[in-house]
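Some notes on the structure that comes next.
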Amino acid sequence: MTGSSRRRHRVAVLALDGVQPMEVGMPFQTFGLHDRRYDVILCGRSAGPVETLYGWSLTAPHGLDEVVTADTVIVPAHRGSERDTPPDATPDVRDALLEAHSRGARIATICTGAFALASTGLLDGKRATTHWLLTDELARRHPRIEVDPGVLYVDAGSLLTSAGVASGIDLCLHLLRRDCGAATATAIARGIVAAPHREGGQAQYVPHPPAPPDRTELSATLEWALRRLDTPLTVAELAAHAAVAERTFARRFTAQLGVSPVKWLTAARISRARELLETTDAGIDHIGRACGLGTPANFRHHFRLATGTTPTDYRRTFSSRTPKPARVSPHG
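Reminder that position 28 of the sequence shown reads as 28 in full-length UniProt numbering, one-by-one numbering, no gaps.
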């Protein structure tokens, strides 16, 4: 189906009382930039004012009837009458989320929005996450959920949950990659000056971050590595570039990024392969070598592990969707 004939995908952002306004804006700043594909609307329990976390109100033009018929529903963080206590969903919100899901909608939550989704029972027996400060509370209140406290987001197919504020952007970009491919998501991430791809399994909380000089040193090494993905980089070579001992480098790397250098390199290679599959006509074997993934068999193995499909099928799905530059307001 061509871009002109494809039905536009409706994203309903459900703002509940005590909503975090920054998280309300995230879907509009990501999906809204691909305005040929998505319509993004703001909903409340009913159309009208919704009180935010900070005491002032925003106006939701739509109510729960639009949530029920949406293709994607996103529930940002919100709070109850006690500032630090995330609420479960009210009966009308639970019913709307359940009906939306039964109609085939996917539901994604940011931060404490997970509590509203959890109260529907849809997450029972599934992995989920929320802000690291509240994962114990989510597990206590909903013991049938497998709560993962250490990740940025969890993709359980039609149900997705994410951690604190910034991970909401990661979640939205992840959904864009699912829908439109890596090149489109990267273009939009560039437009909003966000990291183009943070894996969902990356740690959301680093208890002892390194000092600023180490971060600068590591950033330069990451950029150096990204320019050399076609070569068989080793941890020793990365450490040598950073001018630190190999064990020290590996420890600092994992502390800062939440994954090992080897896992980070593999994810970077796969991300690059996705973009080449979408935007070039290069052969599959050539792309595997250009991304440092070695033999065709090794490339297919790692690509399927990361994406659930083969390089050939991925290209068939996404190669016709080369993105145009995102239109971004100079005011953000």
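In this text, a Cβ means the ideal position worked out from N, Cα and C, and glycines have one as well.
Check, Outcome
"Rounded straight-line distance, which links the Cα of Thr-266 to that of Pro-311", "15 Å"
"Ala-89, DSSP secondary structure in three states", "coil"
"Closest residue to Arg-316 among Leu-276, His-302, Leu-53, Ala-290 (Cα-Cα distance)", "Leu-276"
"Stretch-stretch touch, CB-based, cutoff 8 Å, three pairs: the segment 6–24 with the segment 66–78", "yes"
"Segment contact flag, the segment 235–255 with the segment 282–301, C-beta cutoff 8 Å, min 3 pairs", "no"
"Residue(s) in a DSSP beta bridge with Pro-49", "Thr-59"
"Whole-angstrom distance between Gly-288 and Arg-79, CA atom to CA atom", "47 Å"
"Best match in Ile-41, Leu-42, Thr-59, Cys-43 for proximity to residue 340 [C-alpha to C-alpha]", "With the chain covering only 1 through 332, there is no way to say anything about residue 340."
"Contact set for residue 336: own chain, Cβ-Cβ below 7 Å, skip 5 residues either direction", "A question about residue 336 goes unanswered here, because the residues of the chain that appear run from 1 up to 332."
"Contact under 7 Å by Cβ, Gly-194 with Ile-169", "For clarity, residue 194 is Ala in the given sequence; the question names Gly instead. Their beta carbons are under 7 Å apart, which means Ala-194 touches Ile-169 by this criterion."
"Three-state secondary structure assigned by DSSP to Arg-106", "strand"
"Candidates Ala-220, Val-19, Thr-307, Thr-161: closest to His-131 by CA position", "Thr-161"
"Through-space distance from Ala-47 to Leu-226, alpha-carbon basis", "47 Å"
"When Ala-240, Leu-218, Leu-138 are compared against residue 333, the one with the closest alpha-carbon", "An answer regarding residue 333 cannot be provided, because it is not within the stretch 1 to 332 covered by the chain."
"Nearest-angstrom Cα separation, counted from Gly-157 out to Leu-133", "25 Å"
"Nearest neighbour of Met-26, chosen from Leu-173, Gly-44, His-101 [CA to CA]", "Leu-173"
"Minimum C-alpha distance to Gly-18 - residue among Arg-8, Arg-45, Arg-36", "Arg-45"
"Distance, His-302 Cα to Leu-222 Cα", "21 Å"
"Span of the alpha helix (DSSP H) around Val-165", "165–180"
"Within the segment 96–164, ranges of the beta strand (DSSP E) (whole runs, at least 3 residues)", "106–110, 153–155, 159–162"
"CB-CB length for Ile-145 against Leu-159, believed under 8 Å", "So it is not a contact: roughly 11 Å between Cβ atoms."
"Three-state class that DSSP yields for Thr-216 in the structure shown", "Residue placement at Thr-216 cannot be trusted, given a pLDDT of 49 that sits under 50; what the coordinates show is reported in the next sentence. Three-state result, Thr-216: helix."
"Straight-line Cα distance separating Asp-155 from Pro-86", "22 Å"
"Span of the alpha helix (DSSP H), counted from its first residue to its last, around Ala-268", "261–279"
"Leu-152 beta carbon less than 7 Å from that of Thr-120", "no"
"Short CB-CB distance (under 7 Å) between Thr-30 and chain D", "Looking for chain D here will not work: only one protein chain is present."
"Residue environment, Asp-136, which counts as buried when at least 16 other CB atoms sit within 10 Å", "exposed"
"For His-241, the three-state DSSP class (helix, strand or coil)", "helix"
"Paired residues, beta bridge with Leu-226 - DSSP", "DSSP, once it has assigned bridges, lists no residue as partnering Leu-226."
"Reduced DSSP category for Arg-34 - H, G, I as helix; E, B as strand; rest coil", "Note that residue 34 is His in the sequence shown here, rather than Arg. In the structure shown, His-34 sits in coil (DSSP, three-state: anything other than H, G, I, E or B)."
"Simplified DSSP state of Gly-25, which is helix, strand or coil", "helix"
"Short Cβ contact (7 Å threshold) for Ala-183 with Glu-278", "yes"
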